[in-house]
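Top to bottom, those sequences are chains G and A. In terms of the numbering used here, the first sequence opens at residue -2 and continues consecutively. In terms of the numbering used here, the second sequence opens at residue 46 and continues consecutively. Quick reminder that beta carbons are idealized off the backbone N, C-alpha and C, glycines included.
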Amino acid sequence: MAAVIELHGVEKSFGDHTVYRDMHLVVEEGETLTVIGGSGQGKSVCMKMMIGLLFADDGEVRFRGSEVSELNYEGLRALRQKVAMVFQGGALFDSMSIRDNVGYALIEHTSMSDEAITARAWECLDMVGLGQDRSLLERMPVSLSGGMRKRVAIARSIALQPEVILYDEPTTGLDPSNIRRIGSMILKLQKELGVTSVVVTHDMPTAFRVSNRIAMLYERHFPFVDTPEGFRDTQVPEVRNFIQGRVRDGA
Amino acid sequence: MSHFSESAKNVLASVGDVLTSGFGWVGGVCRLLWDATIRGARRPFGIHDIFYQMVSLGVRSLPLATVMSLFVGMVLTWQFGEALIGFGAKNAIGYASSLALVRELVPVILALTVGAKMATGMTAELGSMKVSEQIDAIASLGADPVKKLIWPRLVAATWSLPILAIWGNVLALASGAVIADIVFDVPADYFYETYIDELWPSDYLSGLGKSVVFGLLVGLIGCYQGLTTKYGTEAVGISTTNTVVATSVSILSMDFILTTIFLPVS
């Protein structure tokens, strides 16, 4: 399979805190790659580098062969129409209705009419299982539950029919039924839209369920990348400890 | 002796840190102004967003601007009146208060109160958006946060404050005339004539020029503080508090600089 996103020899630090050292990761066309690892290790940083919200101090971050850090303003705009990101808390715009939130990228990048944008917003909401009550379009984000906010955020990310969706901890803070629903949605979007997905999560059942491959962030790079089956059967102590939630001796 | 030199080193290091962060802050604000000017000037100009912010920042500040202007006009006229009575020159009350109000007090008081209100509002809003990753979300959707969020606020603040200062000048004159008439028995129409008589167009322009610069400062500081908010809800509170301090100090410092420029011209 062709590589969509490639990170090679990436170094990234914030002040004295080094997040990545000689990090390599490849995301292949059409797959769902799940990134796991301890809290605060920089999994979200990895995603933000993929979409050009952060830049590596050294090394290469490439989208379909183009170096992200060398893209100009227009190049980054084009990249972000192809790569969408779903943020941890949803990051819905508080001052806008759900219709305007979901249609934001359409307003920004297309010359679609108001009616067409509303229709597309409704279509996207329907895809994420929120197509029961049309009054939702006029509601404000503050009136939604956590699970609904995440699903609206996913609807917003698919409005422009991206090639890649980056999910930053999509199941954090949700109850088990909503976690399952979000997992189903990731699978459905991959199947129906053919998108490539990168999922950052701590939730191992979701990781095993939705992934084609799993990458574990450990000591500032990804030494363990394998299929879910490979991760389940692994004898590598660091991976087993993480998956089974064991605390290392002395940790 | 070594203890003394160690203390001196610490003091120098602290001064160095303060200077470094101060220059960094000024550099950051200048960089934001540059980015906003370059990116904001591209089409589309975001006229709708600018008007929305003008309503939000300017129109909604009208009550506060009105109250501040009325009181500053009354208090200053009263103070000057009391001083002039001692010289038997109470009829000069219009001459005395006009320059101080138009050139100095109305623009500065409005910048310190209404401006601080605008700046803290911007910091709180942008800071909350930063903390909840809404600013990153705008960028990730291919839009430009500087163009979408900063440019409209800068333009709106730069326009709103001088417009409010014009309104404030009218009210300060009116409230001063009331005090002159009621307290000092100087007829309001005489107060008005002497008030207007003393002023040249350059006096109005220097007052308005100050308001334009103060408005720009208010917008820049409010936005910069919001964008540089660290993570966590506590950080929004810290940024907002710092905005009040930074706005007040910047406005008074800039007032001194502008006065040294405008005074010889006036």
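- For Phe90 of chain A, the three-state secondary structure derived from DSSP is coil.
- Under a 10 Å Cβ-count criterion, Lys45 of chain G is classified as buried, with 16 or more other Cβ atoms of the shown protein chains found around its own Cβ.
- Its chain contains Ala81 and Cys268 as the residues whose beta carbon lies nearer than 6 Å to that of Ile195 of chain A, once the 5 sequence neighbours on both sides are disregarded; these appear in chain order.
- With fewer than 16 other Cβ atoms from the protein chains shown falling within 10 Å of its own Cβ, Phe11 of chain G counts as exposed.
- At a cut-off of 8 Å between beta-carbon atoms, His106 of chain G makes contact with chain A.
- Restricting attention to beta strand (DSSP E) runs no shorter than 3 residues, the region 156 to 225 of chain G encloses them at 161 to 165, 193 to 197, 210 to 215 and 218 to 223, ordered along the chain.
- The Cβ-Cβ distance between Gly187 of chain A and Arg74 of chain G falls below 8 Å.
- For Ala53 of chain A, the number of other beta carbons within 10 angstroms of its own is below 16, and it is reported as exposed.
- For His21 of chain G and Leu4 of chain G, the gap between their C-alpha atoms comes out near 5 Å.
- At least 8 Å separates the CB of Gly166 of chain A from every CB of chain G.
- Put simply, the backbone Cα of Asp181 of chain A is about 45 Å away from that of Ser247 of chain A.
- Contacts between Met82 of chain G and chain A, judged by CB atoms closer than 7 Å, involve Ser185 in chain order.
- For Asp242 of chain A, the closest Cβ of chain G is not nearer than 8 Å.
- Using a Cβ-Cβ distance cut-off of 8 Å, the region 79 to 91 of chain G and the region 115 to 130 of chain G are not in contact, since fewer than three pairs of beta carbons, one from each stretch, lie closer than that value.
- When C-beta atoms of the region 208 to 220 of chain G are compared with those of the region 26 to 35 of chain G, three or more pairs fall below 8 Å, so the two segments count as touching.
- A direct Cα-Cα distance of roughly 13 Å separates Ser101 of chain A from Trp204 of chain A.
- When C-alpha distances from Gly254 of chain A are compared across A:Glu51, A:Trp123 and A:Val151, the shortest belongs to A:Val151.
- Under the DSSP definition of a beta bridge, Arg59 of chain G partners with G:Glu3 and G:Glu64.
- In the displayed model, Met93 of chain G falls within coil according to three-state DSSP, outside both helix and strand.
- With contacts defined by Cβ atoms closer than 8 Å, Val290 of chain A and Ala164 of chain A do not form a contacting pair.
- The shortest C-alpha to C-alpha distance from Ala0 of chain G to any of G:Glu8, G:Thr29 and G:Arg18 is the one to G:Thr29.
- In this structure, DSSP gives Ala169 of chain A a helical state, which the three-state scheme calls helix.
- The beta carbon of Arg153 of chain G sits closer than 6 Å to those of Asn98 and Val99, all from its chain and outside the five residues before and after it, given in chain order.
- Each of A:Asp242, A:Leu206 and A:Arg148 was checked against the Cα of Thr304 of chain A, and the nearest Cα belongs to A:Arg148.
- Of the candidates A:Ile208, A:Ala58 and A:Lys175, A:Ile208 places its Cα closest to the Cα of Ser256 of chain A.
- DSSP assignment within the region 65 to 149 of chain A yields the following whole alpha helix (DSSP H) runs of 4 residues or more, N-terminal first: 92 to 98, 107 to 131 and 138 to 144.
- As the crow flies, the alpha-carbon of Arg217 of chain G is around 9 Å from that of Lys9 of chain G.
- By the C-beta density criterion, Thr65 of chain A is exposed, having fewer than 16 other C-beta atoms within 10 angstroms.
- Assignment of Lys275 of chain A by DSSP, reduced to helix, strand and coil, places it in the coil class.
- Taking a beta-carbon distance threshold of 8 Å, Ser101 of chain A does not count as an interface residue toward chain G.
- When Cβ-Cβ separations below 8 Å define contact, Asp230 of chain A makes no contact with chain G.
- About 4 Å separates the Cβ atoms of Val24 of chain G and Ile2 of chain G, confirming a contact at the 8 Å cut-off.
- Every unbroken stretch of the beta strand (DSSP E) spanning 3 or more residues and falling wholly within the region 1 to 36 of chain G is given here in chain order: 14 to 25 and 29 to 34.
- Of all residues in the region 157 to 182 of chain A, the ones placed with a Cβ closer than 7 Å to any Cβ belonging to chain G are Ser177, Glu178, Gln179, Asp181 and Ala182, in chain order.
- Within chain A, the residues Asp181, Ala184 and Ser185 have their CB atoms less than 8 Å from the CB of Leu50 of chain G, given in chain order.
- For Val231 of chain A, the secondary structure class from DSSP, reduced to helix, strand or coil, is coil.
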